[in-house]
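Everything in the sequence shown is counted per the working numbering, starting at 55 for the first residue and increasing by one.
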Amino acid sequence: MDRGTRRAEQATGTAAAAKREDIREAVAQALDESAFHAKQGIRPPTLVVPPPQVGHAAARFSRTARHEMLMFDDPSGCLDQGVPERKLVHVANCMRGAAAQVPAVRQITSRQGLLRDAPIGTIAWQQGAHARLIPRIPFRLSVIDRTVALLPLDLDVFYNGMLVVRDPVVVAALVRVHQGWWSSGEDPGADRPAHELPGYLAPVLGCLTEGLTDAAAAARTGLSPRTYARRVSELLALLGAASRFQAGVLAARRGWL
């Protein structure tokens with residue numbers, strides 16, 4: 055890669071990061087404005103759901119969807135921030151149910167998020183939902199039938215608490231944000247050239263090629279056995295391999311070994 059290309063990519067990444075921060079700030083301001091109007095009795099108040107109740111509340115709201123669900127979601131961020139995998143599996147089950155019953159389910163995630171979600175199934179585009187890939191989601195979001203929006207308290211992880219927004223002004227603004235990113239996203243089902251091996255999967259590939267047991271590999275990489283097994287599944291999904299042996303062969307063909 056020449057210096058000019060590198061600078062152009064860095065400039066693009068900087069601009070995208072600035073756009074995300076601008077959107078997050080705009081969402082925070084919209085929520086503050088909504089709270090002010092709610093105190094005046096002009097708009098519906100925002101409900102705060104504490105962490106222990108988030109899973110049940112999110113599942114309950116997803117079951118009420120009849121026409122459309124719009125989402126920003128990236129399971130890789132949740133995994134990196136220590137959200138228990140059982141919580142993500144619960145979300146995945148809800149999403150598969152929504153994809154089966156709701157006519158329009160549109161999820162926006164990142165390519166890394168889709169990859170790391172492979173063994174869990176939170177991004178349900180292969181079960182009838184639609185998805186788009188962007189470099190990084192601006193925040194997490196679920197909008198149900200354009201009447202209710204679910205946002206994390208910190209805009210990043212639902213596990214830390216959730217906001218239930220019914221203010222039509224805020225919900226409409228969130229829908230517009232989703233539509234803007236959707237129009238610029240990539241179709242995850244389209245054919246694309248092979249990507250580089252993600253750095254966090256390189257130690258896993260090394261352990262596979264050495265033929266280490268999962269216990270030995272987990273100890274070497276400093277991962278729990280469950281996390282190591284999940285990353286093996288991610289690696290196989292990335293390569294399109296049906297077995298660990300085949301993963302080694304395909305990785306060698308891509309020049310990863």
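All C-beta atoms, glycine included, are put in the ideal place defined by N, C-alpha and C.
{"Item": "Environment of G302 [buried if 16+ CB atoms lie within 10 Å]", "Value": "buried"}
{"Item": "Limits of the beta strand (DSSP E) - the one that H121 falls within", "Value": "Here H121 belongs to no beta strand (DSSP E), and DSSP marks it neither H nor E."}
{"Item": "Pick from D199, D208, R190 that is closest to A69, judged by C-alpha positions", "Value": "R190"}
{"Item": "Under 7 Å between C-beta atoms of E87 and R170", "Value": "no"}
{"Item": "Coarse secondary structure for I191, derived from DSSP in three states", "Value": "coil"}
{"Item": "Buried versus exposed, by CB contacts within 10 Å (16 or more), P247", "Value": "Bear in mind that the predicted position of P247 carries a pLDDT of just 47, short of 50, making it unreliable; the figure below should be weighed with that in mind. That one is exposed."}
{"Item": "Neighbourhood of V156 by C-beta, 6 Å cutoff - its chain only, sequence neighbours within 5 removed", "Value": "A119, M123"}
{"Item": "For A158, the three-state DSSP class (helix, strand or coil)", "Value": "strand"}
{"Item": "Beta-carbon contacts of L207 that lie in its chain and below 8 Å, excluding the five residues immediately before and after", "Value": "V102, N214, G215, M216, L217"}
{"Item": "Sequence-distant residues of the same chain with beta carbon closer than 8 Å to L255, five excluded per side", "Value": "R285, E288, L289, L292"}
{"Item": "Per-residue burial, L262 [other beta carbons within 10 Å of its own, 16 or more giving buried]", "Value": "buried"}
{"Item": "Neighbourhood of F212 by C-beta, 7 Å cutoff - its chain only, sequence neighbours within 5 removed", "Value": "V108, A112, R194, P206"}
{"Item": "Cβ-based burial, P106 [other Cβ within 10 Å; buried from 16]", "Value": "exposed"}
{"Item": "Inter-residue spacing [alpha-carbon to alpha-carbon] between S297 and I198", "Value": "39 Å"}
{"Item": "Exposure label - F299; buried when at least 16 CB within 10 Å", "Value": "exposed"}
{"Item": "Residues sharing a beta bridge with V103, DSSP", "Value": "M216"}
{"Item": "Check whether I177 and T163 have beta carbons under 7 Å apart", "Value": "yes"}
{"Item": "Among E264, T201, L133, the one whose alpha carbon lies nearest that of F115", "Value": "T201"}
{"Item": "Contact under 7 Å by Cβ, L187 with E240", "Value": "yes"}
{"Item": "Coarse secondary structure for R186, derived from DSSP in three states", "Value": "strand"}
{"Item": "Beta-ladder partner(s) of L204, from DSSP", "Value": "S196, V218"}
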